[in-house]
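The block underneath contains the structure these notes are about, expressed in structure tokens.
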Amino acid sequence: MEEKIIPSKKNGVVESLPEGTSLTEIMRTFPDNATAEKWFVENRWPDGIHCPCCGAKNIQERKTRKPQPYRCRDCRKDFSVKTGTLMHHSRLGLQVWAIAIYLLVTNLKGVSSIKLHRGLDITQKSAWHLAHRIRETWKDNEDMFSGALELDETFTGSQHLPYQGLIS
């Protein structure tokens, strides 16, 4: 049973942040990985932590929190907040994931992997894979663009080409 966290403004991943949040405020919201983990846990499991494999709420928090801080007492599987999400099998910290999700969701024209690489201090290859995973979740979400649409900015048409001679 795989849970999906689809980064969008409507499903709670960015919705729980105040409207018009700046990058400086995001950095204050996620000053370290522990704070980011707490935020992801609260947003992934608002009714309390449950096992992503069997759904049981009989969870034990392990003394050594790395790499899998939780253990299900029913199915005896270890898991973390990343398990079964787009962040699964990623070595990047949750702070990097949270900031990258925010940047990709809120920028109108998108964010390049080079910009993520420089801004998040990760390799360009990691930045590309990170952005690719986030964008892949948007592709799978069919209801993402349903309902009324309001456009704020529009770019249409093309530049006029110089006269090239008689057109027949």
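If you count the sequence shown from 1, position 87 lands on 81 in this note's numbering, and the numbers rise without skipping. Every residue gets a Cβ at the ideal spot worked out from N, C-alpha and C, and that includes glycine. Computed from a predicted model, the values in this text were never measured in an experiment.
- By the beta-carbon neighbour count (other beta carbons within 10 angstroms, threshold 16), Ile108 is exposed.
- The beta-carbon distance between Pro46 and Thr77, rounded to whole angstroms, is 5 Å. This is short enough to meet the 8 Å contact definition.
- A check of alpha carbon separations from Tyr64 across Met21, Val35, Arg22, Asp146 identifies Val35 as the nearest.
- Here the alpha carbon of Glu31 sits roughly 22 Å from the alpha carbon of Trp122.
- DSSP links Gln118 through a beta bridge to no other residue.
- Shortest Cα-Cα distance from Thr23 to any of Thr117, Lys133, Gln89 involves Gln89.
- In this model, Trp91 and Asp115 are separated by some 12 Å (Cα to Cα).
- By the neighbour-count criterion, in which 16 or more other beta carbons inside 10 Å mark a residue as buried, Ala28 falls on the exposed side.
- Note: Arg56 is not bridge-paired with any residue in the DSSP secondary-structure output.
- For Arg65, the uninterrupted beta strand (DSSP E) run begins and ends at 64 to 66, by DSSP.
- In the DSSP assignment, Thr18 falls within the alpha helix (DSSP H) that extends over 17 to 23.
- With at least 16 other beta carbons inside 10 angstroms of its own, Met81 counts as buried.
- With a threshold of 16 other beta carbon atoms within 10 Å, Ala125 meets it and is buried.
- Its Cα nearest to that of Arg127, the residue Ile95 stands out among Gly113, Ile95, Leu102.
- Of Thr79, Ser84, Glu55, the smallest CA-CA separation from Arg70 is found for Glu55.
- For Leu98, the enclosing alpha helix (DSSP H) has its first and last residue at 88 to 100.
- A residue is called buried once 16 or more other Cβ atoms fall within 10 Å of its Cβ, and Ser106, having fewer, is exposed.
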